[in-house]
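Notes follow once the structure below has been shown.
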Amino acid sequence: MPLPLYYFLAITAVNVLMAWALYLPYRVGHLHFITVANMAISGYTAAWLVMSLHVPFGWALLAGFALGGIVGYVVSLFIGDAPTFAVVIVGFTFIYITRTVIENLKAVGGTMGMFGLPNIAGDPAAHRWIILAILYGLLILVGFLIHRFDHSQLGRAASAVFVDKDLAASLGVDIRRLGMRLQTLSCTIAGGCGVLYGFIYKSFHLDFFTFALVGIAMTIIFVGGYATMWGSLILAPILYGVPLLFPPAIQSWRIVIYGALLILVLVLKPEGFFTRRFVYSLESFLSGTRKKRNTL
Amino acid sequence: MQVFIAQVINGLSLGSIYVLLVTGFNLLLLVAMIIHFSYPQVVVFSMYIVWVVLRATGNNLVLGILAGVVSSVAINLISAPLFQRVMKKRGEVDINSTMVLSMGIGMIITDVLSHTFNQGLPIAFPDSLASDAPILRLGLISVLTGQVWSLAVGIAAVSAFFLLLYRTRPGRAFRAIAEDPNGARLVGIPLLRTGLYSYALSGVLGGVIAVLLAMLLGSASPGLGEQVAHKVLAVSIIAGLGNLAGGLVVGLFLGILEAIVQGYVSGTWSDAIAFVIMLVVILARPKGLFGSKL
Amino acid sequence: MKKALGVVFAAALLLALVGCQQPAPKEWTIPFLNSLTGQIASIGEYLEWGAERAAKEINDAGGIKGKPVKVVGVDTALDPQKGSVEMARLVKDTLVALGPVPEPVIMAAMPIAVENGMPSITASTSLEYAQKYFPWTVSWLPSTEERLAPLVAAWAKQFPEMKQVVQFVEPYGPWPGMADAHVKGFEGMGLKVLDKVEVPTNAVTFGPLVVKALNEKPDGVVFACNPTATAKLIKELKSRGWKKMDHLLIFSSGDAPDLYATGGKDINGVEIYNYINPNVDNPRWNAFKDAYAAAHNGNQPPSLSTNYYDAVYMIKEAIEKTGVTGSPSKLKAERKLIADYMQNVKGFHGIMFDWDMKDGIPTNKPNFIFKIQDAKKILVQEVKG
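Residue numbers (this note's numbering), protein chains in the order written: chain Y, -3 to 292; chain D, 96 to 389; chain U, 3 to 387.
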């Protein structure tokens, strides 16, 4: 597989997963920025397990997921049904704390970072295939889970909370429990992403996990469409890939173009490109076509 | 003791930056229901305009200040219709849409500043505006002109806007069109004109803040806005959204807290500790310490 | 039928042979993975300028082996995601590259260069980063501890009355390590090194940090933080009565345009160390200075601006001395030739001085201490290792 394609596919998968990690809590109106901190915590922990304790990658990855879930769960005990602003502050706090702790931890390289993470399978090509397989396996699994969630009672409850919290509560939705579940799942995904992100680069540096990642994930969600999962899936490769094709003169204005695109979409299509209505009509069209095919 | 007093003064100086920015942030919240996350970037842009005009006019302070105010008003008026369009329900704070929109504006401003002004290098303001000579120095205790002005104007701005918004007719009109445009129209408040005045007012404040920050900091860089944006948002949330007096208290408190942590604990832990304390506060009082005014 | 198959086979073989013996390209393309946008775009600009200046000079003198050289800026925007994809693109058919810049992108992208055996010169980072990617890069700097300990000792030696020193240290990349090397140098002199004052990366005001430092009553101060913070710290020190400006020492990473843009006259008299002496007098350097000033509003070239200038010349020398042809069919072998040559180049003629490389580490680069005066550096002393 061509190397640029590998990095494109791998990083796109991470961006989609991070956007979905943000999408889940946002279904109840929470901007859950702690996911970036989760990436760093789980990523560095897994790298340390592999480099210092020679733990096999598989176990380290599972540890990364578990750690993300634990952190997410513990935090959600306090902010499961907190106002959006509190959740935002929690995210900022964890990002600052995580960065400061890692800066001061010599065991994980401190400010220098961690170098030379080993190949998962001894051979660089095999390493890349395994990373891709795990990433896209995860993408399919998480995508399936989110799709089932969106079409379930829980998903409808989340939509109700998003639109009107008080009304949702009066209809019997346990907002706190729902918020906790979504936040825990979001952090679990982010933890695994963090581990895989570092093993894509085979190194870790604090500046891999900055507020800029939050910006990327938010752009993907809000431009792609925050009401469904499909917008993130379609937009992530476009947002990452298209600028790579720009000529240098335009590439230097990439950030301005991102900002302008964000503003334009918010103003013209506040729900993003892929609205719920569009997705439902597409689903109806496809199921209608399937029915016709089945009856023929 | 001398060290402690010096650190408290340092903290007040840092806190006055937060107070100024939070006041402008809260003003936009009160008159337009906007969470302008990138308000600090707008102020930094105005600082750059002040710098450009000062250089072009041989350090003419009056023209520089005027340019800062005009540029801030202009950006506010240009971005006003964008914010109005994205807000789903008028009369309610839509944190998500307005915050994301303002992030887009912030991205553009920061990148434009990196590309086009002074080849992306930091800018330094002339001594006539940003003198480092202290007006009082006693051992480690030092008070600069810029510090005194920033704190004084910060307190004055909070008081003035509080009086304007809650004790005058125009102020009530501003709040009315923000909270309930239809109701405001019914009672005869001219929406367009009043709305424009409210945005212009916050723009004037933004320009004044830009000049004060130039006096206090003496320099600016493209990333300066981003450096403080998280804290400005946090201060506003902790104090209570739209709470002017609360923003003053919490802003000064945060400045003093950071100064004490940097002075007695560790510089690199100051952000983390400050945010942990704010986190504890917000979990205990989700509507803010002094209650939201929205 | 058999005849037809034979003709087809022969044609295919001929095509394959022709493909294997692709002619060498008409010019030497050297991609430069650089941060041309984003927070350090101003640094990326002059790094690129230096590299392109070298390319221009080489082309004016007839190119490399008669073919022109072209430096192509590849923007990584300080983004590891972009840096990795761009490096992945390059490793397919690039002979040798420059960069990446800075450390986060190095960490994301250099493993790709190493895996594919492509040399890429990271001429703006410390040995501690570069050596992780040997032999596919070289270090532009010797060991931090070996270089810095005697350097700061030489600085402190100027002031026998100096008994204790405090450092402002920012937690970024190799800077804490450099601060630790300073400590070794001072302790070797019998100086007391007070607890370091940590400078947050996003600090806006510096009063609390300066009060903390001054409370320890230092006789000298060393700055291991970003140039803008350094300038502001110095201004703060001055406003609190610090008078002995030459008792302030800025480390080499602080020697950037931001320092002078922010510090202005307030940093006059402050001392700074670096391994580039802008006061040398030689035609190449004089021409470089004049060209830089003409392109940058009369400003002096920053110290890092010569790094990639020299790197391009080193590539030129490597190509000429190793017989590299640039032929795509010999890419792997020729990359190795260039990498091996640069690891142990002898008597390389840099724009300011000659130096050797031993196993990728420069062995005899000079170090200088300067005094800043009106944004210019005046030589105080040269420090031998």
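Glycine included, every Cβ here is placed at the ideal spot set by N, Cα and C.
Alpha carbon of residue i to alpha carbon of residue j, nearest angstrom
i	j	result
Gln102 of chain D	Ser254 of chain D	26 Å
Ser228 of chain Y	Thr39 of chain U	26 Å
Val282 of chain U	Asp292 of chain U	14 Å
Pro144 of chain U	Thr207 of chain U	34 Å
Met225 of chain Y	Ala79 of chain U	29 Å
Asn171 of chain D	Asn121 of chain D	14 Å
Gly266 of chain U	Met247 of chain U	14 Å
Val224 of chain U	Ala181 of chain U	9 Å
Arg185 of chain D	Glu274 of chain D	With a pLDDT of 49 at Arg185 of chain D, under the threshold of 50, the modelled position of that residue is not reliable, and no figure is offered here.
Cys189 of chain Y	Gln179 of chain Y	15 Å
Val141 of chain U	Asn346 of chain U	The residue asked about is misnamed: residue 141 of chain U is Ser in this sequence, not Val. Cα-Cα distance, rounded: 11 Å.
Gly139 of chain Y	Ile278 of chain U	55 Å
Ser192 of chain D	Met198 of chain D	10 Å
Ser126 of chain U	Ala268 of chain D	58 Å
Phe218 of chain Y	Gly68 of chain Y	23 Å
Arg177 of chain Y	Gly151 of chain Y	12 Å
Met310 of chain D	Phe220 of chain D	8 Å
Nearest candidate by alpha-carbon position, reference residue i, set the options
i	options	result
Trp287 of chain U	U:Ile274, U:Met112, U:Pro303	U:Pro303
Ile252 of chain U	U:Gly222, U:Asn279, U:Ala263	U:Gly222
Asp160 of chain Y	Y:Gly105, Y:Ala6, Y:Gly25	Y:Gly25
Phe188 of chain U	U:Ser128, U:Ala215, U:Trp157	U:Trp157
Ile250 of chain D	D:Thr118, D:Gly383, D:Leu216	D:Thr118
Gln41 of chain U	D:Gly383, D:Gly313, D:Pro317	D:Pro317
Ser223 of chain D	D:Gly234, D:Leu307, D:Met182, D:Phe256	D:Leu307
Met128 of chain D	D:Ile272, D:Val238, D:Gly320	D:Ile272
Leu49 of chain Y	Y:Ala103, Y:Phe61, Y:Met(-3), Y:Phe90	Y:Ala103
Cβ of residue i within 9 Å of any chain A Cβ
i	result
Ile37 of chain Y	Among the protein chains of the structure shown, namely Y, D and U, there is no chain A.
Neighbour flag for residue i against chain D, beta carbons, 9 Å
i	result
Asn115 of chain Y	no
Val98 of chain U	no
Pro239 of chain Y	no
Val191 of chain Y	no
His184 of chain U	no
Phe241 of chain U	The question names Phe, but residue 241 of chain U in the sequence shown is Ser. Yes, contact with chain D.
Asp268 of chain U	yes
Neighbour flag for residue i against chain U, beta carbons, 9 Å
i	result
Gly109 of chain Y	yes
Asn91 of chain D	The requested residue 91 of chain D is not part of the displayed model; chain D covers only 96 to 389.
Thr363 of chain D	yes
Below-9 Å beta-carbon distance, residue i vs any chain Y residue
i	result
Pro220 of chain U	no
Pro317 of chain D	no
Tyr131 of chain U	yes
Gln83 of chain U	yes
Pro70 of chain U	no
C-beta atoms of residue i and residue j nearer than 9 Å
i	j	result
Phe34 of chain U	Val71 of chain U	no
Met35 of chain Y	Phe207 of chain Y	no
Asn118 of chain U	Leu(-1) of chain Y	yes
Thr205 of chain D	Gln97 of chain D	no
Val103 of chain U	Ser37 of chain U	yes
Tyr134 of chain D	Val327 of chain D	yes
Ile32 of chain U	Ala63 of chain U	no
Ala17 of chain Y	Ala186 of chain Y	yes
Leu208 of chain D	Phe132 of chain D	no
Pro82 of chain U	Pro106 of chain U	yes
Counted within 10 angstroms of its Cβ, other Cβ atoms place residue i as buried (16 or more) or exposed
i	result
Leu296 of chain D	buried
Trp138 of chain U	buried
Asp77 of chain U	buried
Tyr276 of chain Y	exposed
Gln242 of chain D	buried
Ala144 of chain Y	Inspection of the sequence shows that residue 144 of chain Y is occupied by Arg rather than by Ala. Classification for Arg144 of chain Y: exposed.
Leu116 of chain D	buried
Trp55 of chain Y	exposed
Glu130 of chain U	buried
Gly284 of chain Y	exposed
The ligand FAD heavy atom lying under 8 Å from the CB of residue i
i	result
Ile91 of chain Y	As presented, the structure is devoid of all ligands, the ligand FAD included, so that no description of it is given.
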